[in-house]
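Trainee: Numbered per numbering that gives the first Met the number 0, the sequence shown spans residues 0 to 545. Backbone N, C-alpha and C define an ideal beta-carbon position, used for all residues, glycine too. Sharing a structure below in structure tokens format, with a few things to ask.
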Amino acid sequence: MNVLLVPLATEPGNRTLTISLFTAVVAVTLYITWWASRQNKTAADYYAGGRSFSGAQNGLAVAGDYMSAASFLGISGQIALYGYDGFLYSIGFLVAWLVALLLVAELLRNSGRFTMADQLAFRMKQRPVRTAAATSTIVVSIFYLLAQMVGAGSLVGLLLGVKSEGLKAAVIVLVGALMIVYVTIGGMKGTTWVQIVKAVLLMAGTVVITFLVLLKFNFNLSELLGSAAAKSGKGEEFLQPGLLYGKDLTGQIDFLSLGLALVLGTAGLPHILIRFYTVPDSRSARRSVQWAIGLIGVFYLMTLALGFGAAALLDTAKGSAVETSKGNVASPLLAEAVGGGAGSTGGAILLALIAAVAFATILAVVAGLTLTSASSFAHDLYANVISKTKPTEKQELRVARFAAIGIGAVAIGLAIPAQKLNIAFLVALAFAVAASANLPALLFNLFWKRFNTSGAVWSIYGGLISAVVLVVFSPVVSGNGDKSMITGADFHWFPLSNPGIVSIPLGFLFGVLGTYLGRDKSSETRYSELSVRALTGAGAEGAAKH
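Shown next as structure tokens:
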């Protein structure tokens, strides 16, 4: 069955159902945002939700932030098209949480205040470090935002029968406008509650689809995998490595580079790091990650059923809806298939419900990303670098809201030409940039006494610039036909699609070089205080209130 032949939008009743559910989701999330905005009294309320969320609540919100459109739409699509290679995205995203738990979560909560730069600036010179950290935060967030915007275009395009790139671009603009509303009105409180609601809905929807997929194969995983391999037309190769990146040396290195970025990237993602500041103490930070790992672990195991179920039940051949969307619509179409098939009432209802959940996922994640970027710009750049006098909280929050508008506009502009790329792959690029620019500086600052301002600046800029340059001159942007962002041009010289294997070591190397070449010794004097605070939490509460 080629589900492309009978899209949901061909039935007027189904289209009405879809629009109604979409409207309901947007209305509920907007109400939550408005309700939360009435409780925003201070900068701590806007940036960190007043540090009032419990470990379980924040764990749900962290999981909601992490289980983005890339997870629900992109990974299932990669599995549907590339089998074993696609499932390794799930493994990488899940294993990454162990790094975040062991190395970052509690230590960052104890030693920071609102943003990643707060932790670095504790023992470094304020201006250069905050400028570098804010720049990196904004760039990583924009890379991540691209994936969510592209997911929104693919999803709404499928449901409403929109096929032209121009109309999908209009959808991207609409999603960008909504996310700006969420951030400027609700702040962290509104965003967190939207994430919690969205996480519950996404888990429930994924459980339903997984159950229905397994029911079709008598809960026999071997039968599911065998059917997926047979339907894919690739046989046993579908269940073996090599379909996505090939089996030559370049392909193997590219795949290793992807794995390195996924495993190390989470601990450097600014929109995940900022969530550890929303809890009242270090114990809650630990519980947040434990809750998140449990939820995320179950979710990524279910992507096995989503992806291989899509391969077994949908048409994934060249020219099909799944293939032309680069896998981005596999999950919604799978929901339609297990609900009764294209044109059936059950299929239409389940497709509309899952699409509404996916849309809520996109809205929630883009709000969190935009809030992170805007907070970093206002708190790090404006308040501590640009402004010559200490701004009031009201002035700082006003700047944050204007920054959200600007960052949203940039993300919208870049997402339009990125519509040709799989969104899980786009997120992997964000992970590579985060692991290259942010993680080395955070780890050096926590565990290396000699690390100084020069090392921090070199590490952040070195990792950031190397990752971005390698992406720009890779097959992702040009030289790979219609799979590149820019077609009809070829200026790539870097052979890999994933830069992490080069840019991540460079980030650490630049940090070491900058530290030894720099003359700043003042950072060593506060290292002991930072270590005690990071390990015990002593003094962290007082710092959070200033």
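Go ahead and label Lys167 buried or exposed: buried means 16 or more other beta carbons lie within 10 angstroms of its beta carbon, across all protein chains shown.
Mentor: Your numbering for residue 167 matches position 168 in the sequence shown. It counts as buried.
Trainee: Return yes when the Cβ of Leu72 is within less than 7 Å of the Cβ of Ser330, no when it is not.
Mentor: Your numbering for residue 330 matches position 331 in the sequence shown. Your numbering for residue 72 matches position 73 in the sequence shown. Yes, they are a contact pair.
Trainee: Using a 10 Å radius around the Cβ and a threshold of 16 neighbouring Cβ atoms, would you call Arg525 buried or exposed?
Mentor: As a working mapping, residue 525 is identified with position 526 in the sequence shown. Exposed is the call here.
Trainee: Which class does Ala341 belong to by DSSP, given the choice of helix, strand or coil?
Mentor: Taking the sequence shown and counting its residues from 1, one reaches residue 341 at position 342. In the three-state reduction of the DSSP assignment, Ala341 falls in the coil class, being assigned neither a helical nor a strand state.
Trainee: Please state whether DSSP places Trp492 in a helix, a strand or coil.
Mentor: Reading the sequence shown from its first residue, position 493 is the one you call residue 492. Three-state DSSP puts Trp492 in coil, outside helix and strand.
Trainee: How do the segment 126 to 135 and the segment 365 to 383 stand: do at least 3 beta-carbon pairs fall below 8 Å, yes or no?
Mentor: yes
Trainee: For Leu303 and Leu255, what's the separation of their Cα atoms in angstroms?
Mentor: Locating residue 303 in the sequence shown gives position 304, counting from the first residue. Locating residue 255 in the sequence shown gives position 256, counting from the first residue. Taking the straight line from one Cα to the other gives about 21 Å.
Trainee: Just reading off the alpha helix (DSSP H) that Ala57 is part of, what are its end residues?
Mentor: For the purposes of this step, residue 57 is taken as the residue at position 58 of the sequence shown. Reading the sequence as shown, one finds Asn at residue 57 and not Ala. Unbroken alpha helix (DSSP H) run through Asn57: 54 to 65.
Trainee: Between which two residues does the alpha helix (DSSP H) carrying Gln118 extend?
Mentor: The residue given as residue 118 occupies position 119 in the sequence shown. Where Gln118 is concerned, the enclosing alpha helix (DSSP H) stretches over 115 to 120.
Trainee: Which word fits Asn219, buried or exposed, when buried means at least 16 other C-beta atoms lie within 10 angstroms of its C-beta?
Mentor: Sequence index remark: in the sequence shown, residue 219 carries index 220 (1-based). So Asn219 counts as exposed.
Trainee: Within the continuous alpha helix (DSSP H) that includes Asp84, where are the two ends?
Mentor: As a first step, residue 84 is located in the sequence shown; it is residue number 85 there, counting from the start. Where Asp84 is concerned, the enclosing alpha helix (DSSP H) stretches over 83 to 98.
Trainee: Name the residue from Asn444, Val475, Ala120 whose alpha carbon lies nearest to the alpha carbon of Pro416.
Mentor: Within the sequence shown, numbered from 1, the residue matching residue 416 stands at position 417. Among Asn444, Val475, Ala120, the Cα nearest to that of Pro416 is on Val475.
Trainee: Give, in chain order, every unbroken run of the alpha helix (DSSP H) that is at least 4 residues long and sits entirely within the segment 185 to 242.
Mentor: 220 to 231
Trainee: For Leu243, collect the residues of the same chain with a Cβ closer than 6 Å to its Cβ; drop the 5 residues on either side in sequence, then sort them by chain order.
Mentor: By one-based count along the sequence shown, residue 243 stands at place 244. Taken in chain order, the residues that qualify are Tyr81, Asp84.
Trainee: How is the alpha helix (DSSP H) around Val467 delimited, first residue to last?
Mentor: In the sequence shown, residue 467 corresponds to position 468, counting from 1. 452 to 471 is the extent of the alpha helix (DSSP H) around Val467.
Trainee: Thinking just about the alpha-carbon of each residue, which of Gly461, Gly339, Gly306 is nearest to the one in Tyr88?
Mentor: Numbered from 1 along the sequence shown, position 89 holds the residue referred to as residue 88. Considering only alpha carbons, the answer is Gly306.
Trainee: Taking the C-alpha atoms as reference points, what is the distance between Gly461 and Gly345?
Mentor: In the sequence shown, counting from the first residue as 1, residue 461 sits at position 462. In the sequence shown, counting from the first residue as 1, residue 345 sits at position 346. Cα to Cα, Gly461 sits roughly 53 Å from Gly345.
Trainee: Compare the Cα-Cα distances from Ile78 to each of Met123, Ala228, Glu164, Val155 and report the closest residue.
Mentor: Residue 78 sits at position 79 when you count from the first residue of the sequence shown. Taking only the C-alpha atoms, the option nearest Ile78 is Ala228.
Trainee: By the DSSP assignment, the alpha helix (DSSP H) with Ile273 in it spans what residues?
Mentor: Indexing the sequence shown from 1 puts residue 273 at position 274. Run containing Ile273: none; DSSP gives neither H nor E here.
Trainee: Just confirm the distance between the C-beta atoms of Val546 and Leu154, as a whole number of angstroms; I'd bet it's less than 8 Å.
Mentor: The structure shown does not extend to residue 546, since the chain is modelled only from 0 through 545, so no value can be given for it.
Trainee: Using the Cα positions of Gly258 and Leu495, report the straight-line distance between them to the nearest angstrom.
Mentor: As a working note, residue 258 is residue 259 in the sequence shown. As a working note, residue 495 is residue 496 in the sequence shown. Rounded to whole angstroms, Gly258 to Leu495 spans 13 Å at the Cα level.
Trainee: Here's a check: name, in chain order, each residue in its chain whose Cβ is nearer than 6 Å to the Cβ of Ser324, leaving out the five neighbours to either side.
Mentor: Here residue 324 is taken as the residue at index 325 of the sequence shown, counted from 1. Within the same chain, Ser324 has close Cβ partners Ser153.
Trainee: Taking only the alpha-carbon atoms, compute the straight-line gap between Lys317 and Lys387 and give it to the nearest angstrom.
Mentor: The residue labelled residue 317 in the question sits at position 318 within the sequence shown. The residue labelled residue 387 in the question sits at position 388 within the sequence shown. If I take the Cα positions, the gap works out to 58 Å.
Trainee: Quick one: is Met0 buried, meaning 16 or more other Cβ sit within 10 Å of its Cβ, or exposed?
Mentor: Here the question's residue 0 lines up with position 1 in the sequence shown. With a pLDDT of only 31 at Met0, under 50, the local geometry of the prediction cannot be trusted, and the value read off the model is given with reservation. It is exposed - the Cβ of Met0 has fewer than 16 other Cβ atoms within 10 Å.
Trainee: I think Gln551 touches Gly63, with their Cβ atoms under 8 Å apart; what is that distance to the nearest whole Å?
Mentor: Outside the displayed range of the chain (0 to 545) lies residue 551, so it cannot be described from this structure.
Trainee: If you draw a straight line from the C-alpha of Phe298 to the C-alpha of Phe92, how long is it?
Mentor: Along the sequence shown, one-based indexing puts residue 298 at 299. Along the sequence shown, one-based indexing puts residue 92 at 93. About 11 Å.
Trainee: Please classify Thr302: does DSSP put it in a helix, a strand, or coil?
Mentor: For the purposes of this step, residue 302 is identified with residue 303 of the sequence shown, where counting begins at 1. Residue state, collapsed to three classes: helix.
Trainee: For Arg129, collect the residues of the same chain with a Cβ closer than 6 Å to its Cβ; drop the 5 residues on either side in sequence, then sort them by chain order.
Mentor: One-based indexing of the sequence shown puts residue 129 at position 130. These residues qualify, in order along the chain: Ala116, Ala120, Asp379, Asn383, Val384.
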